[in-house]
Amino acid sequence: MEKFDLDAPHSTGTTIIGVTYNGGVVLGADSRTSNGVYVANRASDKITKLTDNVYLCRSGSAADTQIVSDYVRYFLHQHTIQLGQPATVKVAASLVRLLAYNNKDMLQAGLIVGGWDKYNGGKIYGVPLGGTIIEQPFAIGGSGSSYLYGFFDQAWKEGMTKDEAEQLVVKAVSLAIARDGASGGVVRTVIINEEGVTRNFYPGDRLPLWHEELEPQNSLLDTWGAAATGPEPMSM
Amino acid sequence: MSSIGTGYDLSVTTFSPDGRVFQIEYAAKAVDNSGTVVAIRCKDGVVMGVEKLIVSKMMLPGSNRRIHSVHRHAGMAIAGLAADGRQIVARAKGEATSYESTYSEPIPVKELAERVASYVHLCTLYWWLRPFGCGVIVGGCDREGPQLYMIEPSGISYRYFGAAIGKGKQAAKTEIEKLKLSEMSCREGIIEVAKIIYKLHDEAKDKAFELELSWVCDESNRQHQKVPDELLEEAKNAATAALEEMDAD
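The listed protein sequences correspond, in order, to chains A and B. Going from the first sequence to my numbering is simple: count from 1 and add 6. Going from the second sequence to my numbering is simple: count from 1 and add 318.
Here it is, written out as structure tokens:
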């Protein structure tokens, strides 16, 4: 019998993605907040704003990531005032990393920092569990990301357009939702570039269906067909 | 010469009736008594030069440096009490490294100047501290390009195209104003700074001096460093030649 390590760090339900494209970044996430098998929030927003030009994808403990993002937003705000101009994505990611690393004993937070600044363009930084910081052309995180490594190895390309990148992100999140029980709900995307920030929302019925999945149903009557008369009325 | 600060000049925490803090002004006098520091911002970088008055013939050339690197991309030139200057440089180095540890980027020159100015100003607020008896010129290159800041003992910090402190600052400023800095490269700037310092060195009052030059520009790879020896020699020769030309008239 294998021995289960009950203390091993594990990602609680989520799929988060950050992808750079030619001119900016696209961030994407599912919307399921789970507490064991109970879905606490089926439409949560896991992509949080740190500054006008930098956003954070949160996975892991919802409480931990919310506090970390609040602190970083506060520090970044002060830094922006002192500097006199928007902070760079690198600075934002560094602040996230400092909190994640220095409190690694207490936090369970897998984070992806993404944004655009005028010096370096679109950038994605992964800050996984231990508090490393790594700049990547794309990053994935959360329990659903396990199912996406092979997908990205094959589908990722350098220099995509904004629409290609967003389609890639939506497709990836929906694939993860299909396989990961702890990810679900809707797909949210945030596109950040020189022009600004665009938020998009893809409800479940607008996502592609994968292998053996059923179409969304309004009523079982549709499944039974027009011939069905429905349940028998009760007779006394 | 004595100024009429009677009674109001005993402590840095006392204002005079006409709104002056005499202790700070006296600190500025300490700066005015030291060898001149000249700095200019050229189109591709910053050049800083110091007229280092040699107190004793037994001093090794190159010792008692007045220009210090604060970080890879920024440096400071001190005028005034050397020991006070060392404190300020140490503090600036600390600020620069702590900024980089936190934000993972080199400290912007503006931020560095503001922090040093705050520190200098801090020491003018308490009766149990005395103001720093030195003026500091900060020169560096960051994302915004080359920048030059001057910090006085009062804690004021301004950004400049050209700045001078010390004995010959008035003469130096007049000379700097004649230069066309926006078209000058640092290579040319080195020669000009050397000429200015040689020109305003008073042979009668002070004895020998050593010229210390530093730059931070594209040619130095945006690092703050001593001007390479051959260029230093070239600058010294050009400056001496210019002086002789002037004397010959």
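Note that beta-carbon positions come from the ideal geometry of N, C-alpha and C, so glycine has one too.
Check for me: the beta strand (DSSP E) holding residue i runs from which residue to which?
i                : result
Ile372 (chain B) : Taken as a continuous stretch (DSSP letters only), Ile372 (chain B) belongs to no beta strand (DSSP E), as it is neither H nor E.
Tyr44 (chain A)  : 44-47
Lys55 (chain A)  : 53-57
Tyr417 (chain B) : It is not in any beta strand (DSSP E) - Tyr417 (chain B) instead sits in the alpha helix (DSSP H) that spans 400-421.
Arg64 (chain A)  : 60-66
Ser40 (chain A)  : 39-41
Val456 (chain B) : 452-460
Arg359 (chain B) : 355-359
Tyr27 (chain A)  : 22-27
Gln142 (chain A) : 140-142
Arg507 (chain B) : For the sequence presented, residue 507 (chain B) should be read as Gly rather than Arg. No beta strand (DSSP E) holds Gly507 (chain B); the alpha helix (DSSP H) holding it covers 504-518.
Ala35 (chain A)  : 30-35
Are the Cβ atoms of residue i and residue j separated by less than 8 angstroms?
i                : j                : result
Gly363 (chain B) : Cys504 (chain B) : yes
Val388 (chain B) : Ala414 (chain B) : yes
Ala145 (chain A) : Gly132 (chain A) : yes
Tyr153 (chain A) : Arg185 (chain A) : yes
Val407 (chain B) : Asp460 (chain B) : no
His386 (chain B) : Arg540 (chain B) : no
Gly165 (chain A) : Val192 (chain A) : no
Tyr344 (chain B) : Ser334 (chain B) : no
Val203 (chain A) : Thr21 (chain A)  : no
His542 (chain B) : Gly458 (chain B) : yes
Gly128 (chain A) : Tyr27 (chain A)  : yes
Val97 (chain A)  : Tyr421 (chain B) : yes
Thr57 (chain A)  : Arg64 (chain A)  : no
Asp123 (chain A) : Asn59 (chain A)  : yes
Ile508 (chain B) : Thr442 (chain B) : no
Lys361 (chain B) : Glu501 (chain B) : yes
Asp3 (chain A)   : Ile183 (chain A) : As shown, chain A starts at 7 and ends at 242. That puts residue 3 (chain A) outside it, with no answer to give.
Val78 (chain A)  : Val45 (chain A)  : no
Val434 (chain B) : Arg409 (chain B) : yes
Tyr107 (chain A) : Gly66 (chain A)  : no
Would you check whether the ligand NAD has a heavy atom nearer than 7 angstroms to the C-beta of residue i?
i               : result
Asn28 (chain A) : For the structure depicted, the ligand NAD is absent and the ligand set is empty, with no information on it obtainable.
Please check the pair residue i and residue j, which I expect to be a contact at CB under 8 angstroms, by giving their CB distance rounded to whole angstroms.
i                : j                : result
Glu369 (chain B) : Ile469 (chain B) : So it is not a contact: roughly 19 angstroms between Cβ atoms.
Val32 (chain A)  : Ile197 (chain A) : 5 angstroms
Val349 (chain B) : Pro471 (chain B) : 6 angstroms
Ser149 (chain A) : Gly19 (chain A)  : 6 angstroms
Ser374 (chain B) : Lys485 (chain B) : Going by Cβ atoms, the distance from Ser374 (chain B) to Lys485 (chain B) rounds to 19 angstroms, so no, they are not a contact pair.
Gly126 (chain A) : Val95 (chain A)  : According to the sequence displayed, residue 126 (chain A) carries Asn and not Gly. Indeed, because the Cβ distance is near 7 angstroms, the residues count as touching under 8 angstroms.
Pro134 (chain A) : Gly121 (chain A) : Actually they do not touch by this definition, with Cβ atoms about 18 angstroms apart.
Ile372 (chain B) : Lys525 (chain B) : 7 angstroms
Glu200 (chain A) : Gly34 (chain A)  : With a Cβ gap of about 20 angstroms, Glu200 (chain A) and Gly34 (chain A) do not count as contacting.
Ala553 (chain B) : Leu531 (chain B) : 6 angstroms
Val365 (chain B) : Val511 (chain B) : 5 angstroms
Leu270 (chain A) : Glu221 (chain A) : Outside the shown range of chain A (7 to 242) lies residue 270 (chain A), about which nothing can therefore be said.
Gly480 (chain B) : Ile358 (chain B) : 4 angstroms
Val74 (chain A)  : Ala99 (chain A)  : No, Val74 (chain A) and Ala99 (chain A) are not in contact; Cβ-Cβ is about 12 angstroms, not under 8 angstroms.
Thr39 (chain A)  : Ala69 (chain A)  : That pair is no contact at about 11 angstroms.
Val534 (chain B) : Gly393 (chain B) : 6 angstroms
From what residue to what residue does the alpha helix (DSSP H) around residue i run?
i                : result
Asn108 (chain A) : 95-108
His439 (chain B) : 427-440
Gln341 (chain B) : 340-350
Phe333 (chain B) : Run containing Phe333 (chain B): none; DSSP gives neither H nor E here.
Ala178 (chain A) : 168-185
Tyr155 (chain A) : 155-161
From the DSSP output, read off the bridge partner residues of residue i.
i                : result
Ser475 (chain B) : B:Ile469
Arg205 (chain A) : A:Val196
Lys129 (chain A) : A:Gly121
Tyr544 (chain B) : What sits at residue 544 (chain B) in the sequence shown is Lys, not Tyr. BP columns for Lys544 (chain B) point to B:Ser532.
Val364 (chain B) : B:Arg359, B:Val534
Ala481 (chain B) : B:Ala357
Ala115 (chain A) : A:Gly66
Ile385 (chain B) : B:Ala395
Ile494 (chain B) : Per DSSP, none; premise fails for Ile494 (chain B).
Ala526 (chain B) : Its beta-bridge partners do not exist; DSSP assigns none.
Gly147 (chain A) : A:Ile22
Gly191 (chain A) : Gly191 (chain A) pairs with nothing; no bridge assigned.
Pro464 (chain B) : B:Cys459
Mind listing the chain D neighbours of residue i? Cutoff is C-beta to C-beta under 7 angstroms, in chain order.
i               : result
Gln88 (chain A) : Absence of chain D from the displayed structure is noted, the protein chains being A and B.
Task: Residues from the segment 420-432 of chain B in contact with chain A, defined by Cβ distance under 9 angstroms - done: Within the segment 420-432 of chain B, the residues whose Cβ lies closer than 9 angstroms to some Cβ of chain A are Thr420, Tyr421, Ser422, Glu423, Pro426, Lys428, Glu429, Glu432, listed in chain order.
Task: Residues of the segment 431-463 of chain B with Cβ closer than 7 angstroms to any Cβ of chain A, in chain order - done: So the close ones are Arg461.
TODO: Taking a Cβ distance cut-off of 7 angstroms, strictly less, list which residues of the segment 121-144 of chain A are near chain B, in chain order.
DONE: Taking 7 angstroms as the Cβ-Cβ cut-off, the segment 121-144 of chain A approaches chain B at Tyr125, given in chain order.
Task: Members of the segment 95-110 of chain A near chain B, C-beta cut-off 9 angstroms - done: Of all residues in the segment 95-110 of chain A, those with a C-beta nearer than 9 angstroms to a C-beta of chain B are Lys96, Val97, Ala99, Ser100, Leu101, Arg103, Leu104, reading in chain order.
- [ ] Name, going along the chain, the residues of the segment 72-86 of chain A whose beta-carbon falls closer than 8 angstroms to a beta-carbon of chain B.
- [x] For the segment 72-86 of chain A, the residues whose beta carbon sits under 8 angstroms from a beta carbon of chain B are, in order, His85.
Open item on the list: Give me the subset of the segment 53-70 of chain A whose CB atoms are less than 7 angstroms from a CB atom of chain B, sorted by chain position.
Closed with: Taking 7 angstroms as the upper bound on Cβ-Cβ separation, chain B lies near no residue of the segment 53-70 of chain A.
Open item on the list: Please identify, using Cβ separations under 8 angstroms, the residues of the segment 143-165 of chain A that lie next to chain B, in order along the chain.
Closed with: Listed by position along the chain: nothing, the set is empty.
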